[in-house]
Structure formats: structure tokens, C-alpha cells
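Protein chains: 2
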Amino acid sequence: MHDPLSRCSWCNLSDRDRQWLLFETESWSVFLADEQDYIGRCMLVCKRHCAALSDLTTQEWTDLKQAVDRIEVCLKTALHADLCNWSCLMNSFYKSDPPVPHLHLHVRPRCKQPVLLNGSAYPDAEFAHHYDPKKKSVLREEDRMALFKHLKAHLPL
Amino acid sequence: MHDPLSRCSWCNLSDRDRQWLLFETESWSVFLADEQDYIGRCMLVCKRHCAALSDLTTQEWTDLKQAVDRIEVCLKTALHADLCNWSCLMNSFYKSDPPVPHLHLHVRPRCKQPVLLNGSAYPDAEFAHHYDPKKKSVLREEDRMALFKHLKAHLPL
Chain A
2 MHDPLSRCSW
12 CNLSDRDRQW
22 LLFETESWSV
32 FLADEQDYIG
42 RCMLVCKRHC
52 AALSDLTTQE
62 WTDLKQAVDR
72 IEVCLKTALH
82 ADLCNWSCLM
92 NSFYKSDPPV
102 PHLHLHVRPR
112 CKQPVLLNGS
122 AYPDAEFAHH
132 YDPKKKSVLR
142 EEDRMALFKH
152 LKAHLPL
Chain B
2 MHDPLSRCSW
12 CNLSDRDRQW
22 LLFETESWSV
32 FLADEQDYIG
42 RCMLVCKRHC
52 AALSDLTTQE
62 WTDLKQAVDR
72 IEVCLKTALH
82 ADLCNWSCLM
92 NSFYKSDPPV
102 PHLHLHVRPR
112 CKQPVLLNGS
122 AYPDAEFAHH
132 YDPKKKSVLR
142 EEDRMALFKH
152 LKAHLPL
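Respectively, the protein sequence lines represent chains A and B. Just so we're aligned, residue 2 is where the first sequence starts under this note's numbering, counting upward by one. Just so we're aligned, residue 2 is where the second sequence starts under this note's numbering, counting upward by one.
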């Protein structure tokens, strides 16, 4: 038998992924997302290999609220986000057979005013509308570290 | 001063909305959604006028898990959903000035095999991909009550 967890890249995050870790709780790791379609997009990854929200333990669910509160307050403070778009989708895992889903959530801050970062302005052209799921990353690579440090500096205690 | 809650249609759900109530918990009402872009799509509406996940109380968050578990198990049992797509977006409220957001979550069951209902087959053409946010309702109106009853019959206790 092949161990499915050994095939799960979310159970085996690389150092490259981990360099963008904003904070962690007992059960969750919160990263600045690779795909910056909306500036400040983050991912909350369950530390345990778990397939669905309904599979979370009470402790993991309670702990998720702490992570949600902390990153939502951070995005509202640091980027003046008016709201946050939350999603937990898991679709891509089901392209494999058998699927090896690993629970994670996406959060996209949505900002009426352009985000100002490192001298660049990033407007949200779809504000007040559904995020564009096909939108490509808009963040200039030279601004990624500035964004990461800016968010780190605005994480509530 | 105009009371913002009197302008909130989510605080004042009509009898027409309420006829599709699947179940409720202390803090949440769970409805079959009007928009059946994916068969079995439901909405979880916070009973309190509340703007964001980070504004939920501990009790409301704990109670949300019960609602999530119940509807996710129901959708997997009744429709053979392989997974559920969860989202909490709130974008449309921000078309108004001032916005009067009322917290709710969407859940779209995603099914590899077509859902069979009342003699009709409903395939999920985007399975393993992001739901199409512009997709129109696909449910035949004559199948809506059958779907509602089918879900009610599969709600876990």
C-alpha cells in the first residue's frame, strides 16, 4: 500500500512555501499566497491531513476562529480592506484519482480604494463583485517582501 | 437616523424565503438557495445582523460548526457529493453606500456523477474546477420541491 500522506504536498510543505508563513496556531498555518490576484490573499492550511470542514475536530474549529480573526483584522488594518472573501473549495484535489484532499481556506481582502505598497497602487477592479477566479497574480515580485513585512507588522497580538 | 437593520432584507426574510428553510440552529438558518447553479446549493444565514466572520461570537462560531456538519453530511448522503465548495463573500452588499452586510455562507455540493432527481439527470460540467460564478440556475422548477424534500429526508439527526 502506498501511503497517501506521502503524496500530499500540503503535508510536506517546502522551505520555499514556509518562507511566507505569517503565523501559526496549534492547528493552522497561515501563509501569504503565491497567487496574489487580490493583494494580501492568504491561505490557512490545516496542520492535520483532513479532507473537509465537517471532518475538523472541535479543537481545530475553535482554533480556526482565532486564525480567522487574526488575519481578518490584519488585512483590514494593514490594507484597509473593506471586507474579506473567504472560500474553502478543494476542487483541484479531485483531478487526481484517488483524490488526496488537504483542507485549506483562501482569504482575499477586497478594497474599495487601491492598495498602496512600496510606491505602487493596486486597484481592485472587481470590488463589490465576485472575485475573478481566473485572474492572474498582479503583485510585482519586487513588492512581495514589502507586502509580507507589512502584514507581519499589522498582525494583532 | 434611519435604522440600518430595517433596510436589511436578511433581517426581514419573507415567507417566500422561509418556505425553503431546511433547518435552523440557535444562531443559523439553513436554506435551499434560490440559485441552483449547482444542485443542492444552500445558504447558511446568521440570525444576528453581523458583518464578518471575525465579528461572530464564540457561541455563534461553535454553533456554525454544527450547521456545517449537518448540511455537509446531508449533501454527501442525499446527492452523493464528493466535496462541498464553501464560501463567505458578501460582495453585493458593498454596491450600496453605506453597505449593510449581513453574514451568510454559501455551500455548493460538487458531484462527479450526475445528480438524479425526479427522473432528471443534472451533471456538474465543472467538476474538479472552480464553480462558475456566472452560471445560471439549472434546476427545473418542477424539481425544486422534490430536491427540498429529498434533502430534508437526509438531514442527520
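Just so it is clear, CB atoms sit at the ideal spot from N, CA and C, and this is done for glycine as well.
Quick one: list the residues of chain B neighbouring residue i, beta-carbon separation under 9 angstroms, in chain order.
| i | result |
| --- | --- |
| S181 of chain A | The requested residue 181 of chain A does not occur in the structure, where chain A is confined to residues 2 to 158. |
| K96 of chain A | A129, H130 |
| R141 of chain A | Those do not exist, as R141 of chain A stays about 25 angstroms from chain B at its closest Cβ, beyond 9 angstroms. |
With a Cβ-Cβ cutoff of 8 angstroms, do residue i and residue j count as a contact?
| i | j | result |
| --- | --- | --- |
| A79 of chain A | L152 of chain A | yes |
| L22 of chain B | S30 of chain B | yes |
| D98 of chain A | N119 of chain A | no |
| C112 of chain A | H81 of chain A | yes |
| C160 of chain A | L148 of chain A | Nothing can be reported for residue 160 of chain A, as the shown portion of chain A is limited to 2 through 158. |
| K77 of chain B | W62 of chain A | no |
| A68 of chain B | L33 of chain B | no |
| Y95 of chain B | D83 of chain A | yes |
Might you give, ordered along the chain, the residues of its own chain that have their beta carbon closer than 7 angstroms to the beta carbon of residue i, omitting 5 neighbours on each side?
| i | result |
| --- | --- |
| E127 of chain B | D133 |
| R141 of chain B | S121 |
| C9 of chain A | H50, V101, H103 |
| E27 of chain B | D64 |
Identify the continuous beta strand (DSSP E) that holds residue i and give its terminal residues.
| i | result |
| --- | --- |
| L22 of chain B | 22–25 |
| W62 of chain A | No beta strand (DSSP E) holds W62 of chain A; the alpha helix (DSSP H) holding it covers 59–80. |
| R111 of chain A | 105–111 |
| L84 of chain B | 84–89 |
| C43 of chain B | 43–47 |
| S1 of chain B | Given a span of 2 to 158 for chain B in the structure shown, any question on residue 1 of chain B remains unanswerable. |
| A52 of chain B | A52 of chain B -> no beta strand (DSSP E), and no H or E assigned at all. |
| A129 of chain A | It is not in any beta strand (DSSP E) - A129 of chain A carries neither H nor E in the DSSP assignment. |
| V116 of chain A | 116–118 |
| Y95 of chain B | Y95 of chain B -> no beta strand (DSSP E), and no H or E assigned at all. |
| S121 of chain A | 121–123 |
Counting only the same chain and skipping the five closest in sequence on each side, list residues whose C-beta sits under 6 angstroms from that of residue i.
| i | result |
| --- | --- |
| R109 of chain B | Y39, R42, N86, Y132 |
| S1 of chain A | The requested residue 1 of chain A does not occur in the structure, where chain A is confined to residues 2 to 158. |
| E73 of chain B | C85 |
| C12 of chain B | L6, H50 |
| K137 of chain B | none |
| V116 of chain A | I40, L80, Y123 |
How far does the alpha helix (DSSP H) with residue i in it extend, from its first residue to its last?
| i | result |
| --- | --- |
| M146 of chain A | 145–154 |
| R19 of chain B | 16–19 |
Count the other C-beta atoms from every protein chain shown that fall within 10 angstroms of the C-beta of residue i, then say buried if there are 16 or more, exposed otherwise.
| i | result |
| --- | --- |
| L158 of chain A | exposed |
| S7 of chain B | exposed |
| D35 of chain B | exposed |
| S93 of chain B | exposed |
| M146 of chain A | exposed |
| R71 of chain A | buried |
| Q37 of chain A | buried |
| K150 of chain B | exposed |
Which same chain residues end up closer than 8 angstroms to residue i when comparing Cβ atoms and leaving out the 5 residues on each side of it in sequence?
| i | result |
| --- | --- |
| M2 of chain B | Note on M2 of chain B: pLDDT 46, under 50, position unreliable in the model; the coordinate value appears next. No residues qualify anywhere along the chain. |
| R17 of chain B | none |
For residue i, go through chain B and note every residue whose CB falls closer than 7 angstroms to its CB, in chain order.
| i | result |
| --- | --- |
| C47 of chain A | What C47 of chain A touches in chain B: nothing, since even the nearest Cβ is about 14 angstroms away. |
| P157 of chain A | Those do not exist, as P157 of chain A stays about 10 angstroms from chain B at its closest Cβ, beyond 7 angstroms. |
Which chain A residues are close to residue i, counting only those with a beta carbon under 9 angstroms from its beta carbon?
| i | result |
| --- | --- |
| L84 of chain B | A52, A53, L90, M91, N92, F94, Y95, P100, P102 |
| W11 of chain B | Within 9 angstroms Cβ-Cβ: nothing; W11 of chain B doesn't reach chain A, min ~15 angstroms. |
List, in order along the chain, the chain A residues whose C-beta lies closer than 7 angstroms to that of residue i?
| i | result |
| --- | --- |
| E73 of chain B | A53, L54, S55 |
Mind pulling the chain A residues with CB within less than 8 angstroms of residue i?
| i | result |
| --- | --- |
| V69 of chain B | L54, S55 |
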